[in-house]
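The block underneath contains the structure these notes are about, expressed in structure tokens.
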Amino acid sequence: MVVAYRRRADLAEKVVEEAKRLGAPEAYAVGVDVGDPASVSSMSSRVGELVPYLNVVVNAAGVLQLGGVEETSIEEWEETLRVNLTGVFLMTRSLLPLMKRAPWASIVNVASIAGETGNVVAGVAYSASKAGVIGLTKRLAVQLASLGIRVNAVAPSFVETDMTRSFLDTPEKRERIASLHPLRIILKPEDVAEAILFLADPSRSRGITGHVLSINAGRRT
């Protein structure tokens with residue numbers, strides 16, 4: 001197992017240690033800027049030195065962007081797409097040779113409900129980037145099917161993470177976010193992780209590719 005990280009090497013190492021504790025025979029952390037071609041190339045070379053092949057690639061790196069079309073600068077637009085969309089393209093392209101060596105392989109991309117509907121808090125650049133991830137997922141699923149590589153995506157609604165905690169720092173804010181979802185819950189990272197595991201595991205989803213699994217607590221718009 002290889003954990004890719006941008007800044008928080010300490011958290012990546014914690015994930016590595018937890019993976020080893022749970023029985024992973026090998027686990028490593030490798031730094032990368034997913035939106036930078038040179039950084040991704042260096043990362044993939046390092047991964048190739050550490051493991052003989054990859055069964056699963058999860059493209060989960062992302063940045064949150066807020067603001068409408070008039071408030072969004074071109075720099076903010078380009079940076080959001082660089083990380084959220086170009087990053088998925090670069091990581092997939094760079095790691096594909098290692099996936100081709102595997103007896104089976106699966107890619108799971110983390111999109112968002114923001115890529116499916118415009119009626120969300122996220123900004124225009126974020127929504128556009130996640131819609132792009134959905135389109136890229138569907139195209140890759142067709143292209144890589146002949147190699148036996150499945151490609152799917154998850155599209156979560158609002159998830160409680162460090163990145164979104166400021167939206168939940170009062171009981172009133174939590175109630176407002178929960179009220180947007182018919183199940184009246186706020187999603188946890190574990191909810192998304194279980195969906196990713198389902199799509200990645202061929203024993204559970206070998207006939208599924210090109211699919212976007214919405215994790216939305218009932219929210220459709």
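Here UniProt numbering is used: the sequence shown runs in plain steps of one and ends on residue 221.
Think of the CB as a built atom: it goes at the ideal place given N, C-alpha and C, for glycine as much as any other residue.
Determine the extent of the beta strand (DSSP E) in which V110 is found, giving its start and end residues. Element bounds for V110: A105 to V110.
Counting C-beta neighbours from all protein chains within 10 Å, is the total for Y126 16 or more, i.e. buried, or is it exposed? buried
Taking the alpha carbon of M43 as the point to measure from, which residue in Y5, L85 and F89 has its own alpha carbon closest? Nearest of Y5, L85 and F89 to M43, Cα basis: Y5.
For L213, list the residues DSSP reports as bridge partners. Under DSSP, L213 takes part in a beta bridge, and its partners are V154.
Expressed to the nearest angstrom, what Euclidean distance is found between the alpha-carbon atoms of R21 and T170? Roughly 36 Å separates the two Cα atoms.
So, for L213: in the same chain, excluding its five sequence neighbours on each side, which residues have a beta-carbon less than 6 Å away from its beta-carbon? Counting only Cβ-Cβ distances below 6 Å, and skipping sequence neighbours, we find V154 and A195.
Alpha helix (DSSP H) segment containing G87, residue limits: G87 to K100
Residue range of the alpha helix (DSSP H) that includes Y53: Run containing Y53: none; DSSP gives neither H nor E here.
Verify whether the separation of the beta carbon atoms of N152 and S112 is less than 9 Å. no
Taking C-beta to C-beta, are V58 and Y28 nearer than 9 Å? No, these two residues do not count as a Cβ contact at 9 Å.
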